[in-house]
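One structure below.
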Amino acid sequence: MRSYRGLNTASSESEIRGLIFDIKKFSVHDGPGIRTTVFVKGCPLRCLWCDNPESQSPEPEIVFWKERCIGCNICLEVCPSEAISVDSHGFRKVIKERCTLCGRCVEECYAGALKQVGRYMTVDEVLDTIEQDRNFYERSNGGVTISGGEPTTQPEFVSELFKRCRAKQIHTALDTCGQVEWDVLRGILRHVDLVLYDIKQMDPAKHRRFTGVSNSLILENAKKVALEQVPMVIRVPVVPGYNDDKENIDALAKFVCKLKTVKEIDLLPYHRFGKAKYERLGRGYRLQHVKPPVEEHMLRLKRILESHGFNVKIGG
Ligand code: SF4
Ligand code: SF4
0 MRSYRGLNTA SSESEIRGLI FDIKKFSVHD GPGIRTTVFV KGCPLRCLWC
50 DNPESQSPEP EIVFWKERCI GCNICLEVCP SEAISVDSHG FRKVIKERCT
100 LCGRCVEECY AGALKQVGRY MTVDEVLDTI EQDRNFYERS NGGVTISGGE
150 PTTQPEFVSE LFKRCRAKQI HTALDTCGQV EWDVLRGILR HVDLVLYDIK
200 QMDPAKHRRF TGVSNSLILE NAKKVALEQV PMVIRVPVVP GYNDDKENID
250 ALAKFVCKLK TVKEIDLLPY HRFGKAKYER LGRGYRLQHV KPPVEEHMLR
300 LKRILESHGF NVKIGG
């Protein structure tokens with residue numbers, strides 16, 4: 000049985016913990032103004048193009064940076080669980096099933112080639128970081144965004160953090176893929192000023208093939224969010240060959256027309272910045288063959304959506 004450091008057990012609201020893999024300050028791509036974006040770990044989707052693969056597992060993980068490794072083998076010696084192997088290229092790989100996350104390899108790796116991704120933090124701890132940039136939020140009409148991974152996989156933590164932010168007059172934005180039971184999402188929405196809602200593909204079979212799940216719950220929830228009168232921004236990752244055809248963009252426009260609280264559609268061009276992360280996790284990158292969309296193509300898609308009357312932005 001695994002024995003994670005910082006187990007998520009809470010006996011009061013101030014002790015509720017979230018599993019966080021990053022907190023990004025001065026973010027300008029996750030909602031209006033200057034924001035702090037809190038990235039939670041755990042996601043029900045497995046999008047082929049995901050640029051944050053370290054966000055997917057709902058548990059902490061050890062990642063390996065091959066370019067830093069000096070091959071000293073200290074990690075193999077100190078690991079009490081024989082959870083580190085060396086592959087034919089000399090790369091160290093953590094065997095998840097054996098790893099107890101004791102952290103010894105991370106502490107002993109002189110070269111900094113091993114790192115734990117994901118740690119449990121209390122609402123107070125995260126709030127302290129958020130409050131450091133309060134002046135910037137006020138001057139830029141910014142605030143806090145919770146992203147992921149998928150924030151709704153940690154509803155207690157996310158609700159409490161948003162509630163506390165709002166009590167301090169900090170604007171709150173939820174970045175969600177929408178793959179969640181409606182009652183859970185509705186509970187969080189009570190504390191949310193803006194929803195950044197991801198829609199990736201309108202065809203249910205393709206959606207399942209590219210993300211691991213159908214889009215039916217996602218589209219149903221999008222309609223319900225709008226009916227709750229919560230302002231929305233629709234975010235669409237544009238992945239050549241996967242969802243950038245006119246048919247899909249037209250179907251998207253037709254659907255979004257029904258969502259009366261949508262202020263804007265953001266088209267997010269596919270990029271390959273996440274590729275190295277797959278290697279660090281010991282996983283293969285499945286979109287080797289896909290190139291980022293050219294600017295002209297992005298502008299063409301933007302014009303299609305604008306012709307349906309939407310405000311459209313390229314980028315977040
Ligand atoms: S301890 Fe660090 S540098 Fe040494 S072999 Fe292990 S990962 Fe590489
Ligand atoms: S954290 Fe490192 S040392 Fe500890 S069990 Fe996992 S691989 Fe071994």
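Quick note: the sequence shown uses numbering that gives the first Met the number 0, first residue 0, plus one each step.
For every residue, glycine included, the Cβ atom is placed at its ideal position computed from N, Cα and C.
Taking 8 Å as the cut-off, the Cβ atoms of isoleucine 264 and leucine 304 count as close. Taking the CA atoms as reference points, glycine 273 sits about 19 Å from isoleucine 313. Sequence-distant partners of arginine 163 (beyond 5 residues in either direction) whose C-beta falls short of 7 Å from its own C-beta, in its chain, are Val122 and Leu126. In terms of Cα proximity to glutamine 168, the closest of Glu130, Val157, Ala204 and Glu155 is Glu130.
Take arginine 185, set aside five residues on each side of it, and the residues of its chain with a beta-carbon closer than 8 Å to its own are Lys223 and Glu227, in chain order. Contact between alanine 110 and arginine 67 holds, with the beta-carbon distance rounding to 5 Å and staying under 8 Å. Note that the C-beta distance between glycine 240 and valine 289 is below 8 Å.
Note that the C-beta distance between phenylalanine 63 and alanine 112 is below 8 Å.
In this structure, cysteine 46 has its CB at a distance of at least 7 Å from all heavy atoms of ligand 1. Taking a cut-off of 8 Å for Cβ pairs, the region 45-54 and the region 269-287 touch, as three or more such pairs fall below it. Leucine 188 sits away from proline 230, with the two beta carbons spaced by 8 Å or more. The DSSP-derived three-state label of methionine 231 is strand. Between ligand 2 and glycine 102, a heavy atom-to-CB distance of less than 7 Å is present.
Partner residues in the beta bridge of isoleucine 22, as assigned by DSSP, are Val37. Cβ-Cβ distances below 7 Å link arginine 279 to Val62, Phe63 and Trp64 in the same chain, with the five nearest sequence neighbours on each side left out; the list follows chain order.
At a cut-off of 7 Å, the beta-carbon of serine 80 counts as near ligand 2: some heavy atom of the ligand is closer than that. The region 62-93 is shown to contain whole beta strand (DSSP E) runs of 3 or more residues at 83-85 and 91-93, in chain order. Residues Leu47 and Trp48 of the same chain have their beta carbon placed closer than 7 Å to that of leucine 286, with the five preceding and five following residues left out of the count. With distances taken between CA atoms, aspartate 174 lies nearest to Tyr196 out of Phe254, Gly141, Tyr196 and Leu160. Around the beta carbon of histidine 170, 16 or more other beta carbons lie within 10 angstroms, which makes this residue buried. When the five nearest sequence neighbours on each side are left out, the beta carbons in the same chain lying within less than 6 Å of the beta carbon of glutamate 155 are those of Ile15, in order along the chain.
Boundaries of the beta strand (DSSP E) harbouring threonine 121: 118-121, taken from the DSSP string. When Val157, Ser84, Pro43 and Pro236 are compared, the shortest CA-CA separation from histidine 190 is found for Val157.
As the crow flies, the alpha-carbon of serine 84 is around 11 Å from that of glutamate 76.
Sequence-distant partners of arginine 165 (beyond 5 residues in either direction) whose C-beta falls short of 7 Å from its own C-beta, in its chain, are Thr171 and His190. Under the DSSP definition of a beta bridge, arginine 16 partners with Thr121.
When distances are taken from the beta-carbon of glutamate 107 to the heavy atoms of ligand 1, the shortest one is below 7 Å. In the three-state scheme derived from DSSP, where H, G and I count as helix and E and B as strand, threonine 151 is classed as helix.
Between lysine 23 and aspartate 132 a beta carbon distance of about 11 Å is seen, past the 8 Å cut, so the two are scored as non-contacting.
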